[in-house]
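In the working numbering, the protein residues as written are 8 to 296. For glycine and all other residues, C-beta sits at the position ideal for the given N, C-alpha and C. Here the structure is a predicted model, which is why all the values come from computation and not from measurement.
Laid out in structure tokens, this is it:
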């Protein structure tokens with residue numbers, strides 16, 4: 008139902024591309040490009056390691072973490088489901104058991120740092136996503152919260168996965184997923200209309216076109232040219248309210264388009280954008296994990 012927090016039925020592992028395990032192999036290869044000298048010290052004795060959580064948040068990145076240790080000859084037993092919110096225990100211990108990893112000591116240590124880095128970042132992004140979405144819902148916002156393409160090179164799959172687990176939309180995954188015309192695209196082509204028409208020539212009917220605009224006049228030009236999505240970039244909360252109302256009244260029954268607001272959105276000011284009566288889709292730059 009619109010406005011509810013997204014609930015995923017089944018494992019999100021099923022949407023991962025065939026290449027995801029090879030990506031994990033590359034991470035392990037990066038960390039051990041030649042000899043594992045410390046591995047000689049510890050050897051192959053079977054042992055057990057416990058993953059402890061010390062901060063409240065959403066568990067995310069389970070398939071990646073499990074595969075990391077699988078490639079190191081270990082098995083992982085999870086004590087918390089992916090997507091669940093883990094709170095700090097009230098018994099004063101300040102930590103909780105998240106998973107148990109079993110295997111040869113060398114394998115446990117080979118996967119340790121890669122696994123922890125992955126899980127911390129993915130869980131952090133999922134937690135930020137969920138917390139922000141809850142804040143927006145409490146303010147009356149019933150639209151979509153989406154991420155951006157401002158991801159860490161080589162780590163996009165993990166970061167977008169974290170957004171999904173947290174309940175956010177991934178937006179476009181890459182340059183091939185959708186055409187987004189920003190100010191530099193428009194500048195190089197001459198104007199918004201020419202840029203949209205050029206994009207339509209190569210994108211065809213199946214690829215959506217989004218145009219970034221700085222004011223209502225540019226939004227009108229983008230809509231008239233046939234843009235599917237109009238991004239109101241760096242508008243204030245009040246500016247979004249005024250522009251959204253005006254554009255929808257002006258183009259009602261004439262053009263179909265979607266509005267999106269991006270730029271300058273933070274956890275401490277989202278209420279300014281949520282309380283605008285008829286909110287557009289919002290994007291939020293996830294830069295930390």
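Find out if the Cβ-Cβ distance for the pair residue i, residue j is shorter than 8 Å.
| i | j | result |
| --- | --- | --- |
| residue 239 | residue 218 | no |
| residue 113 | residue 50 | yes |
| residue 231 | residue 254 | no |
| residue 82 | residue 122 | no |
| residue 209 | residue 68 | no |
| residue 167 | residue 154 | yes |
| residue 117 | residue 108 | no |
| residue 188 | residue 203 | yes |
| residue 220 | residue 185 | no |
| residue 223 | residue 199 | no |
| residue 125 | residue 75 | yes |
| residue 86 | residue 61 | no |
| residue 56 | residue 84 | no |
Along the chain, where does the alpha helix (DSSP H) that runs through residue i open and close?
| i | result |
| --- | --- |
| residue 31 | 27-38 |
| residue 201 | 199-210 |
| residue 133 | 112-145 |
| residue 260 | Unbroken run through residue 260: none, as it is neither H nor E. |
| residue 280 | 277-281 |
| residue 46 | 44-49 |
Can you say whether residue i is buried or exposed, counting buried as having 16 or more other CB atoms within 10 angstroms of its CB?
| i | result |
| --- | --- |
| residue 102 | exposed |
| residue 132 | buried |
| residue 280 | buried |
| residue 72 | buried |
| residue 70 | buried |
| residue 273 | exposed |
| residue 194 | exposed |
| residue 89 | buried |
| residue 275 | exposed |
| residue 48 | exposed |
| residue 178 | buried |
| residue 22 | exposed |
| residue 169 | buried |
| residue 249 | exposed |
| residue 161 | exposed |
| residue 63 | exposed |
| residue 173 | buried |
| residue 251 | buried |
| residue 36 | exposed |
| residue 286 | In this prediction, residue 286 scores a pLDDT of 48, lower than 50, which makes its location untrustworthy; the coordinate-derived value is nonetheless stated afterwards. That one is buried. |
Just the Cα atoms here: how many angstroms apart are residue i and residue j?
| i | j | result |
| --- | --- | --- |
| residue 201 | residue 65 | 45 Å |
| residue 135 | residue 205 | 37 Å |
| residue 264 | residue 29 | 39 Å |
| residue 175 | residue 150 | 11 Å |
| residue 120 | residue 38 | 9 Å |
| residue 34 | residue 40 | 10 Å |
| residue 59 | residue 242 | 42 Å |
| residue 128 | residue 158 | 12 Å |
| residue 234 | residue 163 | 26 Å |
| residue 295 | residue 27 | Model confidence at residue 295 stands at a pLDDT of 36, short of 50, so the residue's coordinates are unreliable; what they give is reported in the following sentence. Using only the alpha carbons, I get a separation of about 22 Å. |
| residue 141 | residue 278 | 11 Å |
| residue 143 | residue 18 | 26 Å |
| residue 261 | residue 236 | 15 Å |
| residue 31 | residue 152 | 28 Å |
| residue 78 | residue 156 | 29 Å |
| residue 43 | residue 100 | 35 Å |
Bridge partners for residue i per DSSP, in chain order?
| i | result |
| --- | --- |
| residue 107 | 57 and 84 |
| residue 269 | 240 |
| residue 187 | 217 |
| residue 230 | According to DSSP, which records beta bridges pairwise, residue 230 is partnered with nothing at all. |
| residue 92 | 65 |
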